[in-house]
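If you read the protein sequences in the order shown, they are chains A, B and C. Each residue of the first sequence is one higher than the last, beginning at 1 in the UniProt record's numbering. Each residue of the second sequence is one higher than the last, beginning at 1 in the UniProt record's numbering. Each residue of the third sequence is one higher than the last, beginning at 1 in the UniProt record's numbering. Where is the CB? At the ideal position from N, CA and C, for every residue including glycine.
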Amino acid sequence: MEQSPINWGRPRDDIYGHYSDAISQAPNTHSLPKKHTQQPTVTGSSVIGIKFDKGVIVAADTLASYGSLARFDNMDRLTQVGDSTIVGIGGDVSDMQYVQRLLEELEIEENYDNSGDQSLHSENIFNYLSKVYYNRRSKMDPLWNAVLVGGVDSKDEPFLSHVDLLGVTFSSPALATGFGAYLALPLLRQLVPYPDSYKNVTEADARAMVEKCMKVLFYRDARSIDKYDVATITKGNVKIEKDIKCKDQNWRFAEDIRGYGRTTS
Amino acid sequence: MSSIGTGYDLSNSVFSPDGRNFQVEYASKAVENGSTSIAIKCKDGVVFALEKIVTSKLLVPGANQRIQTVDKHIGVVYSGLVPDGRHMVSRGRSEAYNWRSTYKQAIPVDSFADRLGSYTQAYTLYNSVRPFGIATILGGVDEDGPHLFMIEPSGSFWGYHGAAAGKGRQTAKNELEKLDLPNISARDAVNEAARIIYLAHEDTKDKEFELEISWVSASETGGKHQHISAEHLAEAKKFAEQATSDEDDMEE
Amino acid sequence: MNGISVDMNHLKKGEVNLGTSIMAVKFKDGVVLGADSRTTTGAFIANRVTDKLTQVHDKIWCCRSGSAADTQAVADIVTYHLQSYAAQNDKDPSTKVAASMFQELCYNNKDNLTAGIIVAGYDDKNGGEVYSIPLGGSLHKQDYAIAGSGSTYIYGLCQKNFKQDMTKDECVLFIKNSLAQAIKWDGSSGGVIRICILTKDGAERQIFFPDEYEADY
């Protein structure tokens, strides 16, 4: 009998000749490593987030696409965890729901032995998630998401960080995933060009910019819709507004555009 | 006891000729000597209360909580051997967790009682283990409303309006029967629970004790099991002290 | 890559495919499931009178799309688990529990399955409910769900015609008309329209033949 771990249990090649997968009809498992890496199927698009003087705003639209098909238009992609954190998830929706279940369990375990006083802060939740994502990518079986964690940390300071399917993490006063990284981030950075800039930004200013970003994303991201959720987290308060429509859309100028430059008609 | 010296009380897996499992009966003795724990099923929830004997002045007051949360909506308390109880809670947590991961919903309280009941019973079957020296009181709120159960060392369990175990159980049961269960409100149940624990403590007056109270109620805690706040506990203690001293007065 | 070709690429060589138009719709007194009856291997119709509506518990059924073998296996496993749930807990499982079981199987085995399933059921507490489980294994609660290759042709039609709290007859008509269009435009859908109505009184089956539903074209 073959004793090597890969071919264990099979007849030895040197005695019985080359092992034939065809005759045994066994899957040819020994020649190739096990493959995991999938592809996303039902997907959510961008998540954006920005810090302001007293907290953080996180926003994401409510579309779940199936390829180019706008499959579900009522997907909640912002999840509250504990009482000072919002987790916004883009990418594969089935993996998002799995992560939401992990976070719910984390919350239950955290409350096993305390009497309701909050101990799960944003940085703890982010740290947990970064480990989950890095762990899965290291198993060559990534959770196909890009995630923003926004909230208030244990020192009551605004918190905003990013983790994605590779387990890559970074923080910034303004963050965006997916198309948002190209389209929304430059706009958000106008408000917060430097790490400490958010201290001079009011909630109203940040909110106005977030609404502008969601509109631009609707204009230019083919996997987005003009309906989104916004979460505002300040010390001791999480507010989630659902199903906001992109306001003040500008289409009228289309009337003046004729042809494509060759002629005017 | 008639069992002593016969040899039939040495192992779990051997019946005595008259059909008794002495190990289970001894386990019940451990429960009877444990500190008193009670639970009250009220209109929209369950209130747990515990008399925690202070065994050393060096213990930090309020530490070592013994009413524990098993899932968002279920609480557990027990009388008897504390380490056995800790193990039971840990087992309860994994039962609740497993249920969640297979069914994506919180475990119904009756199913939870069933699981822990079966687990307790399995420890009466084999000579390699001993039964649990605890009575487990568990309760919670699920989609069918509030539920309260108590599991005995034998593994048998029943649903209750009010449950009591440990040294002061007889006094406690008498008092529980006088209450209008399960129509009492959660807030009233907290006060009554405190009073009953104080009353049940009378027999062991020489020993100092701490009062521990938790609740799970649709209206008061949003269906989540948690300890009552420090202020609320102080309030309940005041009510209990008042009520028990009134009773003393009447006797005089 | 578009949605349909994702379906096809997952199939193993020579595998039987439920090309499929399926849907389930909530109505006033419960829920109605509907499906076409065509099963194909490539362009050949392997079965023209397939029953894609599958019972997994007394009042919980599912519509299957994707690989016939995969979805049958998954439905069989869920049926087993629901039976054991009912026996162990002395009560019928909710539609959500059933849908979660499908979801868990589809999610954990996503690399090896081609299964797009709609779970629909009636329970006394929640009334009629519809859950959609598309390819990746996510779970979506909906008022009505459509799936399968033919469904892509009737997204607009269904959104326009769906009404909350329809009567049973309205609901059956809505499904019949919608599936008739899906069958008309999708080469992988065809045959008869099978219907299953789930209410507090249990399951009622109906069938519409081509000469009946084609009258509405």
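Query	Result
Take F209 (chain C) and list the residues in its own chain whose beta-carbon comes closer than 6 Å to its own, dropping the five residues that flank it on each side.	V192
Does the Cβ-Cβ distance between D51 (chain C) and G190 (chain C) come in under 9 Å?	no
Give the C-beta separation of S178 (chain C) and A115 (chain C) to the nearest angstrom, bearing in mind that I take them to be a contact with Cβ-Cβ under 8 Å.	That belief does not hold up - the Cβ atoms of S178 (chain C) and A115 (chain C) are roughly 22 Å apart, past 8 Å.
To which residues of the same chain is M101 (chain C) closer than 6 Å at the C-beta, ignoring the five residues directly before and after it?	V78 and H81
I think K247 (chain A) touches E211 (chain A), with their Cβ atoms under 8 Å apart; what is that distance to the nearest whole Å?	7 Å
Just mark residue 257 (chain B) as buried or exposed, buried being the case when its beta carbon has 16 or more other beta carbons within 10 Å.	One cannot answer for residue 257 (chain B) here, as it falls past the ends of chain B, which runs 1 to 252.
Note the first and the last residue of the continuous alpha helix (DSSP H) segment covering Y213 (chain C).	P210 to Y213
If you measure beta-carbon to beta-carbon, which residues of the segment 99–133 of chain B are closer than 9 Å to chain C?	S101, T102, Y103, K104, Q105, P108, D110, S111 and D114
Counting only C-beta atoms, is Q226 (chain B) closer than 9 Å to chain A at any point?	yes
Please state whether the Cβ-Cβ distance between V238 (chain A) and G180 (chain A) is less than 9 Å.	no
Judging by CA-CA distance, which residue of A:P193, A:L102, A:W251 and A:W8 is the nearest neighbour of L129 (chain A)?	A:L102
Report yes if the CB atom of F157 (chain B) is closer than 9 Å to the CB atom of L116 (chain B), and no otherwise.	yes
Tell me, to the nearest whole angstrom, how far the beta carbon of V31 (chain C) is from that of G128 (chain C); I am working on the premise that it is less than 8 Å.	3 Å
Please state the DSSP three-state secondary structure of M209 (chain A).	helix
As a quick exercise: from A:N111, A:P186 and A:E2, pick the residue whose alpha carbon is nearest that of R10 (chain A).	A:E2
Which residues share a DSSP beta bridge with F44 (chain C)?	C:T41
Pick helix, strand or coil for F72 (chain A), following the three-state DSSP scheme.	strand
How many Å lie between I53 (chain B) and S37 (chain B) at the Cα?	11 Å
Note down, in chain order, every chain C residue with its Cβ under 9 Å from the Cβ of E220 (chain B).	In chain order: nothing, as chain C lies at least about 23 Å away.
What distance in whole Å lies between the Cβ atoms of R194 (chain C) and I207 (chain C), which are believed to be in contact at a cut-off of 8 Å?	6 Å
Ordered along the chain, which non-local residues of its own chain (more than five positions away) have a Cβ less than 7 Å from that of F239 (chain B)?	N191, A194 and R195
How about S185 (chain B) and K43 (chain B): do their beta carbons lie closer than 9 Å?	yes
Sort C:K141, C:A46 and C:N112 by Cα distance to V97 (chain C) and report the nearest one.	C:K141
Using a beta-carbon distance below 9 Å, is E143 (chain B) in contact with chain C?	yes
Does DSSP classify H57 (chain C) as helix, strand or coil?	strand
Can you tell me which of the three DSSP states E241 (chain A) falls into?	strand
Taking just the CA atoms, how far does I48 (chain A) sit from D123 (chain C)?	40 Å
Starting from the C-beta of R93 (chain B), find all residues in its chain whose C-beta is less than 8 Å away, skip the five residues before and the five after it, and write them out in chain order.	V70 and D71
Along the segment 81–97 of chain A, where does the CB come closer than 9 Å to a CB of chain C? Name the residues.	D92, V93, S94, D95, M96 and Q97
Candidates B:G133, B:I74 and B:P17: which alpha carbon is nearest G166 (chain B)'s?	B:G133
Report yes if the C-beta distance between T167 (chain C) and N126 (chain C) is below 9 Å; otherwise report no.	no
Find the residues of chain B that neighbour V97 (chain C), judging by a C-beta separation of less than 7 Å, and give them in chain order.	Y103 and Q105
With distance defined between alpha-carbon atoms, name the residue in A:E105, A:R77 and A:D83 nearest to D92 (chain A).	A:R77
Just to make sure I have the definition right: I need the residues of chain A whose C-beta is within less than 9 Å of the C-beta of Q68 (chain B). Which are they?	Y112 and D113
DSSP has N145 (chain A) in a bridge; who is on the other side?	A:G91
Quick check: the Cα distance between V42 (chain A) and K237 (chain B), rounded to an integer number of angstroms?	56 Å
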